[in-house]
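Report on the following structure.
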Amino acid sequence: MPEREVKIPIGPQHPALKEPESFLITLRGEKITDMTVRLGYNHRGIEKACEQRTYIQDMYLVERVCGICSHSHSTCFIQAVEEIAGLEVPKRAIYIRTLIAELERIHSHLLWLGVAGHEIGFDTLLMYTWRDREAVMDILALLTGNRVNYGINTIGGVRRDITPDQIPQILTAIDTLEERTKYYVKVGTEEITLRERLSGVGKLSKEDAIHLGATGPTARASGVDRDTRRDDPYGAYGLLQFEVITDDHCDVYGRTLVRLGELMESYKLVRQILRQLPEGQIMVKAPRKISAGQAISRYEAPRGEDVHYVKANGTEKPERVKLRAPTLANVQVVAHMLKDGYLADTPIVIAAIDPCFSCTDRAVSIMDSNNGQAGTMDWPALRSYSIEWYRKQGTDFSELNRKFRILMESE
Amino acid sequence: MLVEEEKIRQQLVEKFGLPTEKITVQRERRVWADVPTAEFGEIFNYAADKLGFVILAAITGLDEGPMLGALYHLARESGIILNLHISVPKDKPVIKTISARFPAADAYERELVDLLGMQVEGLPPGNRYPLPDGWPAGQYPLRKDWKASENGKTEVTENA
């Protein structure tokens, strides 16, 4: 049977939000027999651009690698620059960076929970979690002035201090969010519909997770006990107490439980940071020219590990900047997870690695291996197909959606 | 302090006879080693299989004037990173793939091919990454002599 390549039209670019990419899925009946991924549609040449800009300009540029884990990238980058320059960043600044990092993780994981709910037809969960997410977005805006791309970092410290009157506001929001998350944990562990829908979907064994190089919650949900915050401590993490959440389900259900557990740990971390917040300076002056040298920096972003390499040549611009975002490591694992699974599981399996391109412009090309015919399905069509397919199998979220709505209206 | 890091340096020196000054312990958990390209495969496998560097964090490609460099960032579960550096001449920039040991290397090695013009022996066939299919041959954006043309665009052939 001749293989036919299908050109996939990718929708208009929305660089601030999404990273388009394409999947080519080969099907036998409803089962996926093969899948390839083509990346690079949104390659923006940021590494080259970094070589042509000063370190401080690069920091702002790198913050825009991702619209969600922006603080992760800017922190990862300046950690490397500060190491080369031999800067002693004040403790207070390090704690503030770590605080923003955990708030960013909270907003990212709540966002993910909503997206996951949406992909399986549990839209009330989306409404709930995204409403709650506003609480943490408000805190981020309060502390940094921005909801995303916070601009809190500068080489040698942070640009804004935390004032005493902000602390009770943060704590109140964290208390609310913790209560909410406890409820989601209850839903996650007790609601049979949700558990049945996600269990056994997108299987990834521990051995495969290690061999294929999975990272972040995707790896930890397959029992891989790795977290850069603990293993290669940066920021204030070496001085903070927290658990690394792992799970042995090795499927989308496990990935959900890991993120819920990480939310609970993040609330604890935020409280600890505010309790321990040292007094003092928030920045030291950084030189414009960075002496020759190189450094590698790692950072546990919400989706997994960021890796940045910086080489300095003694001028005010870097010789080389290399960025590795976690999705690049995890997207290669997706093909493995989908193999031998049902087409109907594609949306949630892809969404479960929390990819940075998880929005609507994705187009999926589907090839029937029985007759070699090729066709395309856009993301909303694939999602509807998935929800309908599961409804026919008896997994229906209508009742759970109704229950949630009643709860929401009663508040 | 730095006991484990120094031990790694010692093991590389003893096993492969590398000059001590080619291996640097930069700080806690950061070891850099400049290794001969011919022996890279052996050293790499030793690090991955015997020294416990089971995580491939990334591969960085470098334009070093007459040479092209590749930096393999390997990590231990305990957090130590071993950075293995090799370089090959620009007119014959051939390296061997490590994708058999680390399948995730596929994307990093394709970056070396697309962005720096390296040739990676043994890289399995697949889609190019990250440049578009119609990208002109011989244009390697991460080489120092490569400049985006004046209007900021490089012509890409449609549907190539």
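These protein sequences, in sequence, are chains A and B. The first sequence begins at 1 in our numbering and counts up one residue at a time. The second sequence begins at 1001 in our numbering and counts up one residue at a time. Idealized CB from N, CA, C, for every residue including glycine. A quick note: this is a predicted structure, and the numbers were derived from the prediction, not measured.
Linking residue 122 of chain A to residue 282 of chain A through their CA atoms gives a straight-line distance of about 44 Å. Boundaries of the alpha helix (DSSP H) harbouring residue 1107 of chain B: 1105-1116, taken from the DSSP string. Contact annotation for residue 307 of chain A against chain B: 1057, 1058, 1073 [CB-CB distance below 8 Å, chain order]. Beyond the five residues adjoining it in sequence on each side, residue 95 of chain A comes within less than 6 Å, by CB distance, of 236, 273, 277 in the same chain, given in chain order. Assignment of residue 283 of chain A by DSSP, reduced to helix, strand and coil, places it in the strand class.
The bridge partners DSSP lists for residue 337 of chain A come to none. Counting along the chain, residue 1061 of chain B sits inside no alpha helix (DSSP H); it lies in the beta strand (DSSP E) bounded by residues 1055-1064. For residue 1090 of chain B, the closest alpha carbon among the candidates B/1113, B/1011, B/1074 is that of B/1113. When the five nearest sequence neighbours on each side are left out, the beta carbons in the same chain lying within less than 6 Å of the beta carbon of residue 200 of chain A are those of 251, in order along the chain. The beta carbon of residue 32 of chain A sits no closer than 8 Å to any beta carbon of chain B.
For residue 1077 of chain B, the chain A residues whose Cβ falls inside 7 Å of its Cβ are 226, 231, in order along the chain. Interface with chain A (8 Å Cβ-Cβ cutoff): residue 1045 of chain B is excluded. The three-state secondary structure of residue 149 of chain A, taken from DSSP, is coil. DSSP places residue 1120 of chain B inside the beta strand (DSSP E), whose first and last residues are 1119-1121. Residue 1029 of chain B reaches chain A at 232, counting residues in chain order whose Cβ is nearer than 7 Å.
Taking the CA atoms as reference points, residue 216 of chain A sits about 22 Å from residue 1083 of chain B.
A distance below 8 Å separates the beta carbons of residue 66 of chain A and residue 325 of chain A. In the displayed model, residue 318 of chain A falls within a strand according to three-state DSSP. Counted as a single uninterrupted DSSP element, the alpha helix (DSSP H) harbouring residue 107 of chain A occupies residues 91-119. In the DSSP assignment, residue 389 of chain A falls within the alpha helix (DSSP H) that extends over 379-392. For chain B, the residues of the stretch 45-60 of chain A that bring a beta carbon within less than 7 Å of one of its beta carbons are 45, 47, 48, in chain order. Linking residue 27 of chain A to residue 397 of chain A through their CA atoms gives a straight-line distance of about 27 Å. Per the C-alpha coordinates, the member of A/293, A/305, A/256, A/183 positioned closest to residue 232 of chain A is A/305. Contacts between residue 1081 of chain B and chain A, judged by CB atoms closer than 8 Å, involve 232, 296, 298 in chain order. For residue 38 of chain A, the chain B residues whose Cβ falls inside 7 Å of its Cβ are 1127, in order along the chain.
With a contact defined as Cβ atoms closer than 8 Å, residue 80 of chain A and residue 309 of chain A qualify at about 7 Å. DSSP places residue 270 of chain A inside the alpha helix (DSSP H), whose first and last residues are 252-276. By the Cβ-count criterion, residue 167 of chain A is exposed, with fewer than 16 other Cβ atoms from all chains shown falling within 10 Å of its own Cβ. Not flagged as an interface residue toward chain A: residue 1116 of chain B, since no C-beta distance is shorter than 8 Å.
Along the stretch 238-263 of chain A, none of the residues has a CB nearer than 9 Å to a CB of chain B. Residue 117 of chain A is classed as buried because its beta carbon has at least 16 other beta carbons within 10 Å across all chains shown.
Of the other Cβ atoms in all chains shown, 16 or more fall within 10 Å of the Cβ of residue 245 of chain A; this residue is therefore buried. DSSP places residue 27 of chain A in the uninterrupted beta strand (DSSP E) bounded by 22-28. Think of a sphere of 7 Å around the beta carbon of residue 1142 of chain B: the chain A residues whose beta carbon falls inside it are 47, 48, in chain order. Residue-level contact check: residue 1145 of chain B does not touch chain A, since none of the beta carbons of chain A fall below 8 Å from its beta carbon. In the three-state reduction of the DSSP assignment, residue 228 of chain A falls in the helix class, which pools H, G and I.
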